[in-house]
Structures are given as structure tokens and as C-alpha cells.
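Student:
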Amino acid sequence: MRELEVRDLGRMDYGAAWAYQKDLSERRKRGEIRDQILFVEHPHVLTLGRNGRLENLLATREHLSERGIDLVEIDRGGDITYHGPGQLVGYPIIDLREWKKDVVAYVRGLEEVVIRTLRSFGIESGRDPSATGVWVEGAKICAIGVHISRWVTTHGFALNWKTDLNYFNYIVPCGLTRPVTSMWKLGANVERPAVLNVLLDAFAEVFDYKTARLTAPAGKLAG
Amino acid sequence: MADVVMPQMGESITEGTLTKWLKRAGDHVERDEPLFEISTDKVDSEIPSPAAGVLSEILVQEGQVVAVNTVVARIGEAGAAPAEAPKAEPAPAPAPEPAPAAAVIVEAAPAPAPAAVVEAELGPVSPLVRRMARENDVDLSLVPGTGPGGRITKADMEAYIASKSAPAVPPALPPASAPAASAAPVARVEPIRTRVEPMSIMRAKIAEHMTMSKRTSAHVTTVHRVDMSKIARLRSKVKDDFQQRYGFPLTFLPFITRAAVEAIRQFPIFNSSVEGTNILYHNDVNIGIAVALDNGLIVPVIRGADEKNIVGLQRSIVDLAARARSKQLRPDDVQGGTFSITNFGSFGSLFATPVINQPQVAILGVGAVEKAPVIIDDAIAIRHMAYLALTFDHRLIDGATADQFCLKVKAVLENWSDQIL
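Sequence lines, in order, name chains A and B.
In case it helps, this note's numbering puts the first sequence at residues 2 to 224.
In case it helps, this note's numbering puts the second sequence at residues 25 to 445.
Structure follows, in C-alpha cells:
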């Protein structure tokens, strides 16, 4: 069974976390480190993917910066996405050749991890064949966006556990005019460590890891 | 020639969108270098080149959806003629055909031998130069190359073609009597022996950051001479005790950091950034300390430097430098700096003109502290002197303010109380 190193980076801004991901992904490609998953909570930020359309942004840049919301243009597909406090963001950096060389299976796997996690907190969720992510009664609870280079993954998923959903009003999430929801809104008033631990178990199950526990201190490999 | 095909990214995947070409036609690519990006179901994948050579043909444009195994491009051998110049092709270019499902990459027959031979003599020749040579009937081995590694550039070709066709200049033949050795006018320039090595990620980042900074800020450097004798005396007095008590040595750097913090308190503009036409004054004073690494440098940050005494600053400097060198820095350690200090004096430099660490607006460079003769009250004295070089962003800060800042730093250092550590 493969092993997974888990790092909880806590609160970290989007740019720093992305730089960290890139660094780890290069090391993973060179075989210097084993598979990783990073957990992070970003300060308020709107990320604009390469096919992002600014018309999906419903506020001016000035308005956003007054409210302390960053707008970051990023080098991945997808449209506009919100990240912020109360969201459990996971960035797996794993070599898919050691699991399945199948990017769709990978995305379905991430969805499965979140569906199983939500189920243990009493929330029934599911997929939507027309849109990646995890949904509860038509509302999006988890966004997924993945980048792959030489079968090594970056980016990942963002699960709303306690997110202030008002911030989504600034955007049309991922270009879809559909509502968003969170675990707290659905009555599962749990704290982050509980969600993280359950999600880790589900991740290990779905992606065939020996138990994955927070082992490495955050940032041990940075620099 | 190698065909580049849309790869199979998973069992159920039959097609994908080619979202971005990372190379242009005519570019040289290395094997495994990222060549294009595709998107399938919210997943972006970067696809590496199957072979080294020149990207001779792009068959699928950005935004097109194509089936798996469709040929999206062709890679020719380095220096081979681009496919759109059919003259060079022994046979018409084959029409794009679906590759066998099992093979991702189809290697075609190698390019004709002559091209390879020329290659060996001349080093890589760009398709453009090769086409110019063909169209003008030029023997490439006679053209002196001035490009990197003695490569023949477009300009070299133009110069050579012009010299050949200018009727007034006789073909440069040596006079019959001249000794052959001294006479060859179109001297065959020996290619400069060059080794190509891709930049490390850190090198590439430093390169990008430095040129970005030079483009962004209006760099000006002002240099002040500071008498460090008091600090030197204090330091030599407590040095051994300090080392014993705290387990690390006491250097000049924490004193200079402290002095810079004092100057920042008086002139907060040095602890700011520019955003559009706004000035952002930072409440936190986070001082970046440049640390030289074997193959680069990094600027970890002392957070809340204004809240630390000399011992605390020295501890932070030692800790950050050690972790920088052992690659143990956390991402947090290199973020959020508001002012930087670089200590090139430790390598013997007297003074330098450092580059601002964006988005900061100033950086203080510390030269070597050395004994020097100075005039004090019309007498010659020997003092510990150092040059402090402040590079500031002239968009925001004018010379007078910068010099006031330096005078404050100087005053703090020259009037240091023996009691304060």
C-alpha cells in the first residue's frame, strides 16, 4: 500500500500555497518525495481561471479590494472560484501513475472522498453528470479543479464546511448560476479538525493509501 | 519526424480540448519539455514533448476538441526544414492520419543523413536560416556565426548574402602569392564551446524577480559612511559571554537591523508598497534578510522586527539563515517582508547597489566593517568604518528623504549605548 504525507498548512494565502504546491509537484516529479496532500484555509480570494470570464465577477475590483478580497488570475482552466475562511481546501500532489492513469477516474475519486465524508456527518450528497463537484439537492458544496503535469496532480477540492456563503454572491460560481451550500448551513455544525480527519480516512480508502494521518509538520519541505 | 498525438488520459476519455500551446511552430523543444495543455472534464493536463527537435507543424489550434490519438503536431529533427517548405522534403508531407490506438507516439523514419552531418559541424541551425541558405544557395559551413555557441543567426545570413552579392567587393580570394595561412578573409569562426544547462527553479525565479523589480521601480542608491567603532567595541566586549549564553555569535547585523527599524519608525514611507497610484503603509515591520545559498539566494523575513531586541534579532537571523541553508524554511518565512537588508559586506564588498525586493520600496546594503583612517577634529584616527548603501524607489521616495533615513541609521549606530543589547 502506498503512503501519503499530510500537511495542514492552516491559514495561508492563495499565492503562497500555490508556490508551495508547485515546488512539491516538481519534487514529486523528480521522485524526491512521496505523495502529499496539503490542507489549507485561504483568506478571502477570488481565483480567475484561464477561461475565466470577468462577466462572472459581480463586483468591481475596487469594491473587492475595499472588502479585503483578493482577485488572483491563475494558470489553470475553470472559471471564477471563491475561497475563504471556513472552507476546507485540499491539494493532493500525487503521482497518478501509481494509482490509475486516468484523470477522470481521479476527479470521480475526489468526488467520492467528499461524498463519503459528508455521509459520515449525515449529509447525503451526489454528483451531477453535467458538472464536476459535489452537490446537495442542487446546491454546490464542494468545488473541484485539477491540474496534471506528467501525471502529477496539483490544485484539488474546496469543501464548504463553515464558509460564509454571502461571499459567493460576488461571483457566479464556476460560471454556473446555481446555489451554493455548506455543512453548517445543512445543520452539521462540526469543526475543521473533525472534517479533516474523516476526509483523510475517506481519501486513504478511495485512493488506496495506508492510513493517512497528519505526520509531517507543515512546511517541512518548503524553501 | 515524430508525430505528437492527443494522449489517452483515462479509460473512458475519448476526446479532449487542446487549450494552450506552450511552444510555437519553429521552437526547439526538449524531450519531456511541456509542449501543450489539454483539458478534459475540469482537469487540465500539461503534455510533455515525446521527442527532442523542432516543432515543425502545429495541426490543431487552441480551443479545438479532438479525439484521442489525433496527430496534433509534428516534431522534426533539430535543424530540419519546416514542413511548410516542401522543397526540402524528399516526399510530400503525409496527410494527418490517426495513429494506432495503442501507441501514443509514432516515431517516423529519421531525417536524411546530410542534415545530421551539417548539424554536427555547425551546431543547431534554425529553420529560418536553413531556408535562407537554400533559397540563396549558400553553403552554411562558410557562414561565420555570431550567435550563442557560434550559431548562425538571421543577421549573419543577411550579412553573408549581402557580401556575396555585392559586385564591387571581389570574392575574398587571397592574392596568389600570399601565404594561405594568414589570408582567409572569411575566417571560419570556431564555434564557442558552450554547455547548455537549464536554470534551476530557484534561478529562474530569481531571474524573473530581479528583472521584474528593475522594470517596476526607479532604482536609486545612496551611500553613507558610518563609524561602527562603538558597536565594534561593544561587540568585542560581550562576544564570548554572548556566544556562551545564547549559543550563537553576535554580529553587526542585528545592530544594523535595529537602526533600520528606528529609521523606519521615523520615516514610515520606507515600510510601504505601491499599488497603482496608492501608497500602502504597512503597520508591521517585517525585515527581510538576504541569505546567500550555494546556488541562489532567498530573503527570509524577521516578523515584527520592531518588537525585538538585539538578542532576539540575532536569534532570528541565525535561525532563518540556518533554515534557509538547510531548506527548512516554511512558506510563511519568506512572505510578507516590508523592508530588506542585504549584508554583502560579509563577502568583503565595500558597497553595492542592491535591487529592491518587490513589492518593497527600499533595501539597505551593508558593506564590510573595516578599520580605516578617518579625520576627527583635524586629527587622523583609526576607526571601524562601513559603507551603508540604501537603494530606494524614486517613484515614492526622493533623495533628500532617503539621505535623512540614512542619517538616522547612522546616528543610531554611532551613538549606540553600551548598555543596550
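Idealized CB from N, CA, C, for every residue including glycine.
Every value quoted in this text rests on a predicted model; they were computed, and no experiment measured them.
What residues from the segment 13 to 46 of chain A come within 9 Å of chain B, judged by C-beta to C-beta, listed N to C?
Tutor: Residues Met13, Asp14, Gly16, Ala17, Ala18, Ala20, Tyr21, Lys23, Asp24 and Glu27.
Student: Determine whether the beta carbon atoms of Glu147(A) and Val108(A) lie at a separation below 8 Å.
Tutor: At residue 147(A) the sequence reads Val, which differs from the Glu that was named. Yes.
Student: Between Ser150(A) and chain B, is the shortest Cβ-Cβ distance under 8 Å, so that the two count as touching?
Tutor: So yes, Ser150(A) belongs to the interface.
Student: Among Glu299(B), Leu437(B), Ile326(B) and Asp68(B), which residue has its Cα nearest to the Cα of Asp308(B)?
Tutor: Minimum Cα distance to Asp308(B) is reached at Ile326(B).
Student: With DSSP as the reference, please indicate the residues paired to Asp68(B) in a beta bridge.
Tutor: Note: Asp68(B) sits in a beta bridge opposite His148(A) and Ser63(B).
Student: Ser63(B) and Gly40(B): beta carbons closer than 8 Å?
Tutor: Result yes, Cβ atoms of Ser63(B) and Gly40(B) sit closer than 8 Å.
Student: How about Met236(B): is its C-beta nearer than 8 Å to some C-beta of chain A?
Tutor: Not an interface residue.
Student: Using CA atoms only, rank isn't needed, just tell me which of Gln88(A), Arg193(A), Val114(A) and Val105(A) is closest to Leu166(A).
Tutor: With distances taken between Cα atoms, Leu166(A) lies closest to Gln88(A).
Student: List the whole-angstrom C-beta distance separating Leu388(B) from Leu412(B), where the pair is believed to meet the contact cut-off of C-beta under 8 Å.
Tutor: That pair is a contact at about 6 Å.
Student: Alpha carbon to alpha carbon, how far is Phe60(B) from Val84(B)? Give it in angstroms, no decimals.
Tutor: Computed Cα separation, rounded: 11 Å.
Student: With H, G and I counted as helix, E and B as strand and the rest as coil, what does DSSP make of Met33(B)?
Tutor: Note: Met33(B) maps to coil in three-state DSSP.
Student: Would you list the residues sitting across from His243(B) in a DSSP beta bridge?
Tutor: Looking at the DSSP assignment, His243(B) forms a beta bridge with Asp417(B).
Student: Between Tyr21(A), Val90(A), Ala205(A) and Pro194(A), which lies nearest to Ile145(A) when the distance is taken from Cα to Cα?
Tutor: Among Tyr21(A), Val90(A), Ala205(A) and Pro194(A), the Cα nearest to that of Ile145(A) is on Val90(A).
Student: To be precise: take each residue of the segment 85 to 115 of chain A, compare its Cβ to all Cβ atoms of chain B, and keep it if any distance is under 8 Å. Which residues remain?
Tutor: Answer set for the segment 85 to 115 of chain A: Lys101, Lys102, Asp103, Val104, Val105, Ala106, Tyr107 and Val108.
Student: Just mark Lys261(B) as buried or exposed, buried being the case when its beta carbon has 16 or more other beta carbons within 10 Å.
Tutor: Result: exposed.
Student: Quick check on the DSSP output: what are the complete beta strand (DSSP E) runs of length 3 or more inside the segment 233 to 306 of chain B, in order along the chain?
Tutor: For the segment 233 to 306 of chain B, whole beta strand (DSSP E) runs of length 3 or above, ordered along the chain, are 243 to 251, 296 to 299 and 302 to 305.
Student: Going by DSSP, name the residue or residues bridged to Trp136(A).
Tutor: Answer is Gly127(A) and Lys141(A), bridged to Trp136(A).
Student: When you compare only the Cα positions, how much space is there between Leu152(B) and Gly77(B)?
Tutor: For Leu152(B) and Gly77(B), the distance between alpha carbons rounds to 15 Å.
Student: I want to verify the contact list: residues of chain A whose CB lies under 7 Å from the CB of Gln359(B), in sequence order.
Tutor: Near Gln359(B) (Cβ distances below 7 Å), the residues of chain A are Ala17.
Student: Tell me the residue span of the beta strand (DSSP E) that contains Arg31(A).
Tutor: Looking at the DSSP string, Arg31(A) is not in any beta strand (DSSP E), and its letter there is neither H nor E.
Student: Helix, strand or coil: how does DSSP classify Val78(B) here?
Tutor: Correct three-state label for Val78(B): strand.
Student: Answer yes or no: do Ala316(B) and Lys432(B) have a C-beta to C-beta separation smaller than 8 Å?
Tutor: Cβ distance not < 8 Å, so Ala316(B) and Lys432(B) don't count as in contact.
Student: Out of Asp264(B), Val323(B) and Arg158(B), point me to the one whose CA is closest to Ala384(B)'s CA.
Tutor: Going by the sequence as given, residue 384(B) is Gln instead of Ala. Checking every option, the nearest Cα to that of Gln384(B) belongs to Val323(B).
Student: Let me see if you follow: with CB-CB separation under 8 Å, is Gly34(B) close to chain A or not?
Tutor: Yes, contact with chain A.
Student: With distance defined between alpha-carbon atoms, name the residue in Ser340(B), Val298(B) and Val398(B) nearest to Thr362(B).
Tutor: The shortest C-alpha separation from Thr362(B) is found at Val298(B).
Student: Using a beta-carbon distance below 8 Å, is Ile99(B) in contact with chain A?
Tutor: Cβ-Cβ to chain A under 8 Å: no for Ile99(B).
Student: For a contact defined as C-beta to C-beta under 7 Å, what are the partners of Pro74(B) on chain A?
Tutor: Per Cβ cutoff of 7 Å: no residues; Pro74(B) is ~12 Å from chain A at best.
Student: Run the CB neighbour count on Pro397(B), radius 10 Å, all protein chains shown included, and call it buried at 16 or more, exposed below.
Tutor: Under this definition Pro397(B) is an exposed residue.
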